[in-house]
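Novice:
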Amino acid sequence: MLKKRNKSIVEDHAMKDLLGLMGKAKEMQAKFQAMQDEIATLEATGQAGGGLVSVTLTGKFEMKSLKIDPSLFKEDEVEILEDLLLAAHNDARAKVEQMMQEKTQALTAGLPIPPGMKLPF
237 MLKKRNKSIV
247 EDHAMKDLLG
257 LMGKAKEMQA
267 KFQAMQDEIA
277 TLEATGQAGG
287 GLVSVTLTGK
297 FEMKSLKIDP
307 SLFKEDEVEI
317 LEDLLLAAHN
327 DARAKVEQMM
337 QEKTQALTAG
347 LPIPPGMKLP
357 F
């Protein structure tokens, strides 16, 4: 009789733990969704050539704007312009990724997430 009662207590405790864990998972999912929505509204501007070329990307890595100094519109400098465009885009992308990483770290602080695992999925 005592074994059955103890077993029932253990099962009740396990069920409460499971329900609590499920509740926390739903809460974390909602927080991740809110973070993703916030990241989507972020913007970062990358520059190259001392500001001669600038690219602005959204948190979804969509190019929102591109600015090119008119002095770069010379026929013999097309390759330089192409290189500057790529550099500015890569600079903006690195900034967006850094902002995403900071937001993710703030949200997942204290969670046992394996090193190198990128969130959000």
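At position 46 of the sequence shown (counting the first as 1) the number is 282 in our numbering, and the numbers step up by one without a gap.
Using N, Cα and C, we set each Cβ at its ideal position, and we do this for glycine too.
What you are looking at is a predicted structure, and each value in this text was computed from that prediction instead of being measured.
1) Please give me, in chain order, every unbroken run of the beta strand (DSSP E) with length at least 3 that falls completely inside the region 274 to 344.
2) Just checking my contact of A328 with G286 at CB under 8 Å: how many whole Å lie between their CB atoms?
3) Would you check if there are 3 or more beta carbon pairs closer than 8 Å linking the region 325 to 343 to the region 262 to 278?
4) Buried or exposed: which applies to M251, given that a residue is buried once 16 or more other Cβ atoms fall within 10 Å of its Cβ?
5) If you draw a straight line from the C-alpha of E274 to the C-alpha of D312, how long is it?
6) Count the CB pairs spanning the region 254 to 262 and the region 288 to 307 that are closer than 8 Å, and state whether there are at least three.
7) Under a Cβ-count criterion, where at least 16 other Cβ atoms within 10 Å of its own Cβ denotes burial, should T292 be classed as buried or exposed?
8) Spatial neighbours of E333 within its chain, please: CB distance less than 7 Å, with the 5 preceding and 5 following residues excluded, ordered by chain position.
9) Shortest alpha-carbon distance to T277 belongs to which of L321, I304 and M299?
10) Within a Cβ cutoff of 8 Å, which residues of the same chain sit near F357, ignoring the five residues on either side of it in sequence?
Specialist: Working from what's here:
1) Counting only runs of at least 3 residues, the region 274 to 344 fully encloses the following beta strand (DSSP E) elements, listed from N- to C-terminal order: 279 to 284, 289 to 294 and 299 to 304.
2) Counting from 1 along the sequence shown, the entry for residue 328 is found at position 92. Counting from 1 along the sequence shown, the entry for residue 286 is found at position 50. Rounded, the Cβ-Cβ distance is 16 Å, inconsistent with contact.
3) yes
4) The sequence position of residue 251 within the sequence shown is 15, counting from 1. M251 comes out exposed.
5) For the purposes of this step, residue 274 is identified with residue 38 of the sequence shown, where counting begins at 1. For the purposes of this step, residue 312 is identified with residue 76 of the sequence shown, where counting begins at 1. One Cα belongs to E274, the other to D312, and the distance between them is close to 42 Å.
6) no
7) As a working mapping, residue 292 is identified with position 56 in the sequence shown. Buried, because 16 or more other Cβ atoms sit within 10 Å of the Cβ of T292.
8) To locate residue 333, count along the sequence shown from 1; it is residue 97. Hits under 7 Å: none found.
9) Position 41 of the sequence shown, counted from the first residue, corresponds to residue 277. Ranking L321, I304 and M299 by Cα distance to T277 puts M299 first.
10) By 1-based counting over the sequence shown, the position of residue 357 is 121. A caution first: F357 carries a pLDDT of 46, below 50, which makes its placement in the model unreliable, though a value can still be read off. There are no such residues.
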